[in-house]
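Participant:
Residue numbers (the numbering used here): 29 to 205.
(1) First and last residue of the alpha helix (DSSP H) that includes residue 127?
(2) Identify which residue in 77, 171, 64, 78 has its Cα closest to the Cα of residue 152.
(3) Please go through the stretch 133-165 and give each complete alpha helix (DSSP H) segment of 4 or more residues, from N-terminal end onward.
(4) Identify whether residue 70 lies in helix, strand or coil by the three-state DSSP scheme.
(5) Taking residue 22 as the reference, which of 149, 98, 162 has the closest Cα?
(6) Output the distance between the C-alpha atoms of residue 90 and residue 83, rounded to the nearest integer angstrom.
(7) Closer than 7 Å to a non-hydrogen atom of the ligand ADP - does that hold for the CB of residue 92?
(8) Using the C-alpha atoms, what's the distance from residue 59 back to residue 81?
(9) The alpha helix (DSSP H) spanning residue 38 covers which residue range?
(10) Assign residue 167 to one of two classes, buried (16 or more other C-beta atoms within 10 Å of its C-beta) or exposed (fewer than that).
(11) Leaving out the 5 sequence neighbours to the left and right, which residues in its chain are closer than 8 Å to residue 50 when beta-carbon positions are compared?
(12) Within 10 angstroms of its Cβ, does residue 107 collect 16 or more other Cβ (buried), or is it exposed?
(13) Jot down the residue ranges of each uninterrupted alpha helix (DSSP H) in the stretch 57-111, minimum 4 residues, whole runs only, in chain order.
(14) Does the Cβ of residue 85 have 16 or more other Cβ atoms within 10 Å, making it buried, or fewer, making it exposed?
Below you can see the structure in the form of structure tokens.
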């Protein structure tokens with residue numbers, strides 16, 4: 029049997045119904061009880077507190093990742109934050125108001141469509157379509173491959189290839205690539 033968890037975690041958990049039940053018990057049931065209690069009492073402070081802590085934890089880990097990228101890669105295209113920032117060819121002559129509009133458009137689609145829409149599409153529709161003909165394992169390989177190929181443009185290969193083609197021009201120097 030293939031181990032779904034990392035070796036460290038395999039010491040404590042097996043990826044089976046008991047593990048699934050454990051996750052439900054520690055995540056879903058407490059959340060259900062908290063929401064039910066909030067609906068009865070009208071006090072949503074504990075739920076708000078958990079969401080704020082989760083949000084602040086996300087910010088903290090993002091800052092840590094920023095400094096790790098800066099430590100290892102500096103101000104180069106190998107640094108994931110710099111790469112993403114440089115990959116969008118936003119016109120320099122945009123005013124701050126228009127830049128804010130771009131920011132919110134990209135943020136909204138990145139936070140809403142990507143996690144929800146792509147999971148429904150790739151892990152739902154595409155996977156199910158192939159699973160009926162090829163089985164779950166092959167369907168997982170196919171939908172994972174499709175997901176990866178679709179996202180290659182986000183993570184360096186296509187962008188760096190295009191930039192290397194343009195580096196014969198002064199444009200590369202202007203963009204610090």
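Where is the CB? At the ideal position from N, CA and C, for every residue including glycine.
Facilitator: Taking the coordinates as given:
(1) 124-136
(2) 171
(3) 155-162
(4) coil
(5) Lying before the first or after the last residue shown, residue 22 is absent from the chain, which here runs from 29 to 205.
(6) 11 Å
(7) As for the ligand ADP, it is missing from this structure, which has no ligand bound.
(8) 15 Å
(9) 35-38
(10) buried
(11) 41
(12) buried
(13) 57-69, 73-101
(14) exposed
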